[in-house]
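Chain order of the listed sequences is A and B.
If you count by my numbering, then the first sequence holds residues 79 to 188, one letter each, in order.
If you count by my numbering, then the second sequence holds residues 3 to 114, one letter each, in order.
Even glycine gets a Cβ: it sits at the ideal position worked out from N, Cα and C.
Working notes, structure below.
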Amino acid sequence: GQQVMQIPQYQHVQEGEDFTTYCNSSTTLSNIQWYKQRPGGHPVFLIQLVKSGEVKKQKRLTFQFGEAKKNSSLHITATQTTDVGTYFCASADSWGKLQFGAGTQVVVTP
Amino acid sequence: ETGVTQTPRHLVMGMTNKKSLKCEQHLGHNAMYWYKQSAKKPLELMFVYSLEERVENNSVPSRFSPECPNSSHLFLHLHTLQPEDSALYLCASSQGDRSGSFFGPGTRLTVL
């Protein structure tokens, strides 16, 4: 499978600040997906990137796929308490099977 | 969100019990999955069904037995589980490759 590594594992953010979480692979990925899991909840699909260098935005969230398709990032601006949760990147194969990263657990302090 | 539903939401069972987890998707997807989420471990894929055919059994012990009677329903039959099988079991569906997966709320399983 296409293994993905995520950093950092934990992220403490002051409300209003920006932060970035990164996803890296030693092999070229066909796609990258991002999910958010709130505490006590289940993963929720956020977005999928498939093209080299692709950038997509969802309000305060900016997703990027590297030129070599070996890394991806999620940048959140002006963090809010509603951003609390664990953010996972994952790569899907042709069956839709997901290889998940370990996730970045985000804690927001007011 | 009610696209993917799972029952029961919580389950406590002894090691000699037999129980089943149920998943239903209302999204018209053609693939369904079982994932296991343990504390401090990444989400682990257990089983994949595409068009009701199992396409992967990810080295899962035989005490877990999946069943997919149609494209909308997925079951996970459990028997003689071990305490280390305690985890959150998540069902998901998707339209195959190049599309996101939609997860159910999960079943929190505790094996005593």
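With distances taken from CA atoms, which of B:Q84, B:A89, B:P44 is nearest P63 of chain B? Translated into the one-based positions of the second sequence, residue 63 of chain B becomes position 61. It is B:Q84 whose Cα lies nearest to the Cα of P63 of chain B.
Checking contacts by CB at 9 angstroms: is L47 of chain B closer than that to chain A? As a working note, residue 47 of chain B is residue 45 in the second sequence. Taking CB atoms only, L47 of chain B has a neighbour in chain A less than 9 angstroms away.
Beta carbon proximity, S172 of chain A to chain B, threshold 9 angstroms: For the purposes of this step, residue 172 of chain A is identified with residue 94 of the first sequence, where counting begins at 1. Residue contact with chain B for S172 of chain A: present (Cβ-Cβ distance below 9 angstroms to some residue of chain B).
Between L90 of chain B and the rest of its own chain, which residues show a CB-CB distance below 6 angstroms, the 5 nearest in sequence each way excluded? Looking up residue 90 of chain B in the second sequence gives position 88. Only residues of its own chain outside the window of five on either side were considered, and among them Q39, G108, R110 have a CB closer than 6 angstroms to the CB of L90 of chain B, listed in chain order.
Find the residues of chain A that neighbour S52 of chain B, judging by a C-beta separation of less than 8 angstroms, and give them in chain order. As a position in the second sequence, residue 52 of chain B is number 50, starting the count at 1. Neighbours of S52 of chain B on chain A, chain order: W173, G174.
Just mark V6 of chain B as buried or exposed, buried being the case when its beta carbon has 16 or more other beta carbons within 10 Å. What you label residue 6 of chain B is simply residue 4 of the second sequence in a count that begins at 1. With 16 or more other Cβ atoms within 10 Å, it is buried.
Where G16 of chain B and S22 of chain B are concerned, what is the direct C-alpha to C-alpha distance, given to the nearest angstrom? For this step, residue 16 of chain B is matched to residue 14 along the second sequence. For this step, residue 22 of chain B is matched to residue 20 along the second sequence. In this model, G16 of chain B and S22 of chain B are separated by some 13 angstroms (Cα to Cα).
Could you run through the segment 61-75 of chain B and flag, in chain order, every residue whose CB is less than 9 angstroms away from some CB of chain A? Correct list: empty, as no residue qualifies.
Taking only beta-carbon atoms, is I125 of chain A less than 9 angstroms away from chain B? By 1-based counting over the first sequence, the position of residue 125 of chain A is 47. It does; some Cβ of chain B falls within 9 angstroms.
Collapsed DSSP secondary structure at P63 of chain B in the structure displayed: The residue given as residue 63 of chain B occupies position 61 in the second sequence. If DSSP states are grouped into helix, strand and coil, P63 of chain B belongs with coil.
If you draw a straight line from the C-alpha of K24 of chain B to the C-alpha of G102 of chain B, how long is it? Here the question's residue 24 of chain B lines up with position 22 in the second sequence. Here the question's residue 102 of chain B lines up with position 100 in the second sequence. Between the C-alpha atoms of K24 of chain B and G102 of chain B there is a straight-line separation of about 21 angstroms.
What residues in its chain sit with their C-beta under 8 angstroms from that of K114 of chain A, if we drop five residues either side in the sequence? Counted from its first residue, the first sequence places residue 114 of chain A at position 36. Closer than 8 angstroms at the Cβ level, and outside the excluded window around K114 of chain A, lie P121, V122, L124, G163, T164, Y165, F166.
Find the residues of chain B that neighbour G179 of chain A, judging by a C-beta separation of less than 8 angstroms, and give them in chain order. Position 101 of the first sequence, counted from the start, is the residue given in the question as residue 179 of chain A. P44, listed in chain order.
Tell me whether the beta-carbon of N19 of chain B lies closer than 9 angstroms to the beta-carbon of L80 of chain B. Reading the second sequence from its first residue, position 17 is the one you call residue 19 of chain B. Reading the second sequence from its first residue, position 78 is the one you call residue 80 of chain B. In this structure, L80 of chain B lies closer than 9 angstroms to N19 of chain B by Cβ.
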